[in-house]
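The structure appears right after this line, and notes come after that.
What follows is the structure, encoded as structure tokens:
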């Protein structure tokens, strides 16, 4: 019913919850329905705030690109750098495709750099957008 997918919807959910907690004259039936809806909204807020952390963190970004820090899967912890690079090329690398049109908005990989940190493979991934 009420799905929270980003910070803007989270802010809206809190605003709606605060409005619902104000004392508005209504029948007992309507108050019960409002209470049930408040429980649903609180559950959605809790689910959004406790969601698992993503494997990609954006370090810096501007209007036409970004630099990401990507953690590769734990299965690759014992792998060699060449195997990790092959996995990255197969799963994260964004190819640029030629187009007869300008400013397609497609994203593509400029470069990536693999390194180990705390026993895991990570990659700096530079992504640009055709604008």
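Numbering (the numbering used here), first residue to last: 12 to 142. Note that beta-carbon positions come from the ideal geometry of N, C-alpha and C, so glycine has one too.
Sorted by chain position, which residues of the same chain lie with C-beta nearer than 8 Å to residue i's C-beta, five sequence neighbours on each side aside?
| i | result |
| --- | --- |
| residue 14 | 20 and 55 |
Based on the DSSP secondary-structure assignment, which residues constitute the bridge partners of residue i?
| i | result |
| --- | --- |
| residue 76 | 73 and 139 |
| residue 57 | According to DSSP, residue 57 bridges with nothing at all. |
| residue 26 | Its beta-bridge partners do not exist; DSSP assigns none. |
| residue 132 | 127 |
| residue 50 | Answer is none; residue 50 lacks a bridge partner. |
| residue 45 | Per DSSP, none; premise fails for residue 45. |
| residue 82 | 133 |
With burial defined as no fewer than 16 other Cβ atoms inside 10 Å of the residue's Cβ, what is the status of residue i: buried or exposed?
| i | result |
| --- | --- |
| residue 136 | buried |
| residue 70 | exposed |
Look at the Cβ atom of residue i, then the Cβ atom of residue j, and state whether they are nearer than 8 Å.
| i | j | result |
| --- | --- | --- |
| residue 123 | residue 134 | yes |
| residue 125 | residue 95 | yes |
| residue 104 | residue 115 | no |
| residue 100 | residue 138 | no |
| residue 31 | residue 49 | yes |
| residue 2 | residue 52 | Not covered by the structure: residue 2. The range shown for the chain is 12 to 142. |
Between which residues of its own chain and residue i is the CB-CB distance below 7 Å, once the five residues before and five after are set aside?
| i | result |
| --- | --- |
| residue 92 | 125 |
| residue 82 | 66, 131 and 133 |
| residue 98 | 83 and 87 |
Only counting the same chain, and skipping five residues up and downstream in sequence, which positions put a Cβ closer than 6 Å to that of residue i?
| i | result |
| --- | --- |
| residue 79 | 67, 69 and 136 |
request  = Would you mind listing the beta strand (DSSP E) stretches within the stretch 105-129 that are 3+ residues and don't spill past its ends, in chain order?
outcome  = 118-128
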